[in-house]
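For the sequence shown, position 185 (counting from the first letter as 1) is numbered 185 according to full-length UniProt numbering, and the numbering increases by one without interruption.
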Amino acid sequence: MRTLQLTLLEALEVSKALANENRMEIIRQLTSGPKNVNDISELLKIPFSTAAANIKILENAGLITTEIVPGRGNQKVSSKRYDRIIIDLEEQKPLLDDIITYELEVGEYVNCEIEPTCGLLSEDGIIHIIDDPRSFFEPDRKKAQLVWFRSGFIEYHFPNRIPYGTNVDELSFSVELCSEAPYHNDDWPSDITCWINDTELGFWTSPGDLGGERGFLTPSWWETHNTQFGVLKYWKINKEGSFIDGVKISTTTIDELRLQEKPFISLKLGVKQDANNLGGINLFGSKFGNYEQGIIMKINYSQIK
């Protein structure tokens, strides 16, 4: 039985996705096997467009996967990823004495190597020139609330406030992000990779570049045919491995990061040149998109016994 285990915070997107009768019925129908959009539309007796929109929401929440398969012409077929979901309503932290939390805005990066399409927006307008990598080195980059590029990486340095003489048990971070397509395209997959202290944790495949309706925080001057919002994703790494939204993505453990050896903690996000899905990345700040936050990093540590 495939189980998705989430903390209360990690369960936010999943809960939103399931809070709809049509989407609950789609999950139920996929229990008997993969189906395409036409199948779902007929079974639920709903318009094709409604079925497609609800399938996309379930994809964004990571509850189903959709792939193109041959037969009667190429068609998209959706499958259920999990058989059950467990949400921990109370955090279990018997070994974690303390938590350090620090937030950076998306413009507070220290290094980048990026390829167009690319650009930066502040709350008030475009920073320098769109599709010119030189804009990423303008002094006003620190005001950025939306950052995007097609391939490469962007690097942030978080202050290392881990007390001496402690064990680091878990590191996590959350960020709103999505793919990068011309204007926006809900069907534009991108393999977005995360590195901490230059150690690769794994990647998440964003289903698309989200737009068409204004994000809750997106300024009115930024037109809705452009990227509007992303998906809030949670990475974490502990002694058991690396996870995205509670799903294990690699065996890389927290001991491999050597967090105590540097005066800062490096976080890189990017899209590799050789990624299977070279679909770019959008990063949203606290005044753009749907979530009032930048990049939040948390470190759980305990005293050495």
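Every residue gets a Cβ at the ideal spot worked out from N, C-alpha and C, and that includes glycine. All values reported here derive from a predicted model rather than from experimental measurement.
Going by other Cβ atoms of all chains shown within 10 Å of its Cβ, with 16 needed for buried, is Tyr291 buried or exposed? Mapped onto the sequence shown, residue 291 falls at position 291. Burial call: buried.
Does the structure place the region 119 to 131 close enough to the region 143 to 163 that three or more beta carbon pairs sit under 8 Å? Verdict: yes, contact present.
On a Cα-Cα basis, can you pick out the residue from Leu6, Ala11, Glu200 and Arg141 that is closest to Leu267? In the sequence shown, the residue the question calls residue 267 occupies position 267. Ranking Leu6, Ala11, Glu200 and Arg141 by Cα distance to Leu267 puts Glu200 first.
With a CB to CB cut of under 6 Å and the five nearest residues on each side skipped, what residues in its chain are close to Glu256? Within the sequence shown, the letter at position 256 stands for residue 256. For Glu256, where only same-chain residues beyond five positions count, the Cβ hits under 6 Å are Thr199.
Option nearest Leu269 by Cα separation, candidates Tyr183, Gly215 and Ser151: Position 269 of the sequence shown, counted from the first residue, corresponds to residue 269. Among Tyr183, Gly215 and Ser151, the Cα nearest to that of Leu269 belongs to Ser151.
Under the three-state reduction of DSSP, which class applies to Thr50: helix, strand or coil? The count along the sequence shown starts at 1 and reaches residue 50 at position 50. In the structure shown, Thr50 adopts helical secondary structure according to DSSP, grouped into three states.
Using only CA atoms, which one of Gly230, Phe158, His225 and Glu170 lies nearest to Ile192? On the sequence shown, position 192 is the one that residue 192 refers to. For Ile192, the nearest C-alpha among the options comes from Gly230.
Among Gly33, Asn22, Ile68 and Gln29, which one has its Cα closest to the Cα of Ala51? To locate residue 51, count along the sequence shown from 1; it is residue 51. Minimum Cα distance to Ala51 is reached at Asn22.
Please name the residue in Thr66, Asp83 and Val168 whose C-alpha comes closest to that of Lys35. Your numbering for residue 35 matches position 35 in the sequence shown. Of the listed residues, the one whose Cα sits closest to Lys35 is Thr66.
Pop quiz: Gln5 and Gly246 are said to be a contact at Cβ under 8 Å. What is the actual Cβ separation, rounded to whole angstroms? What you label residue 5 is simply residue 5 of the sequence shown in a count that begins at 1. What you label residue 246 is simply residue 246 of the sequence shown in a count that begins at 1. Going by Cβ atoms, the distance from Gln5 to Gly246 rounds to 5 Å, so yes, they are a contact pair.
So what's Asn167 in DSSP terms, helix, strand or just coil? For the purposes of this step, residue 167 is taken as the residue at position 167 of the sequence shown. In the structure shown, Asn167 sits in a strand (DSSP, three-state: E or B).
Of the listed residues Asn60, Asn20 and Leu8, nearest to Asp209 (C-alpha basis): Reading the sequence shown from its first residue, position 209 is the one you call residue 209. Closest option to Asp209, Cα to Cα, is Asn60.
Please name the residue or residues paired with Phe158 in a DSSP beta bridge. As a working mapping, residue 158 is identified with position 158 in the sequence shown. Answer is Ile265, bridged to Phe158.
Residue from Gln260, Ser220, Glu108 and Thr101 with nearest C-alpha to Pro163: One-based indexing of the sequence shown puts residue 163 at position 163. Nearest option by C-alpha distance: Gln260.
If we count the other Cβ atoms within 10 Å of its Cβ and call it buried at 16 or more, is Asn54 buried or exposed? As a position in the sequence shown, residue 54 is number 54, starting the count at 1. Around the beta carbon of Asn54, 16 or more other beta carbons sit within 10 angstroms, so the residue counts as buried.
Would you list the residues sitting across from Leu177 in a DSSP beta bridge? Position 177 of the sequence shown holds residue 177. Leu177 is bridged to Val231 and Leu283.
Helix, strand or coil, according to DSSP, for Phe203 in the structure here? Here residue 203 corresponds to residue number 203 of the sequence shown, with the count starting at 1. Residue state, collapsed to three classes: strand.
Give the secondary structure of Lys298 by DSSP, where H, G and I count as helix, E and B as strand, and everything else as coil. Within the sequence shown, residue 298 is the residue found at index 298, counting from 1. Here Lys298 sits in strand by DSSP.
Locate the beta strand (DSSP E) running through Lys16, then write down its first and last residues. Here residue 16 corresponds to residue number 16 of the sequence shown, with the count starting at 1. No beta strand (DSSP E) contains Lys16, which is instead part of the alpha helix (DSSP H) from Leu12 to Leu18.
What three-state label does DSSP hand Gln273 in the structure shown? Looking up residue 273 in the sequence shown gives position 273. Looking at Gln273 - three-state DSSP - the assignment turns out to be coil, as it is neither helix nor strand.
Expressed to the nearest angstrom, what Euclidean distance is found between the alpha-carbon atoms of Asp98 and Asp169? One-based indexing of the sequence shown puts residue 98 at position 98. One-based indexing of the sequence shown puts residue 169 at position 169. Distance between the alpha carbons of Asp98 and Asp169 is about 10 Å.
Counting only the same chain and skipping the five closest in sequence on each side, list residues whose C-beta sits under 8 Å from that of Ile237. Within the sequence shown, the letter at position 237 stands for residue 237. The residues are Glu170, Leu171, Ser172, Ile196, Leu201, Phe243, Thr252, Thr253, Ile254 and Leu257.
Measuring alpha carbon to alpha carbon, tell me which residue in Glu105, Asn111, Lys45 and Ala275 is nearest Ser286. As a first step, residue 286 must be located in the sequence shown, where it is residue number 286. Checked all of Glu105, Asn111, Lys45 and Ala275; the closest Cα to Ser286 is Glu105.
Compare the C-alpha of Ser179 against each of Phe136, Trp222 and Asn226 and name the closest. Taking the first residue of the sequence shown as position 1, residue 179 is located at position 179. Ser179 has its Cα closest to that of Asn226, out of Phe136, Trp222 and Asn226.
Counterpart residues of Asn238 in DSSP-defined beta bridges: Reading the sequence shown from its first residue, position 238 is the one you call residue 238. Note: Asn238 sits in a beta bridge opposite Glu170 and Gly241.
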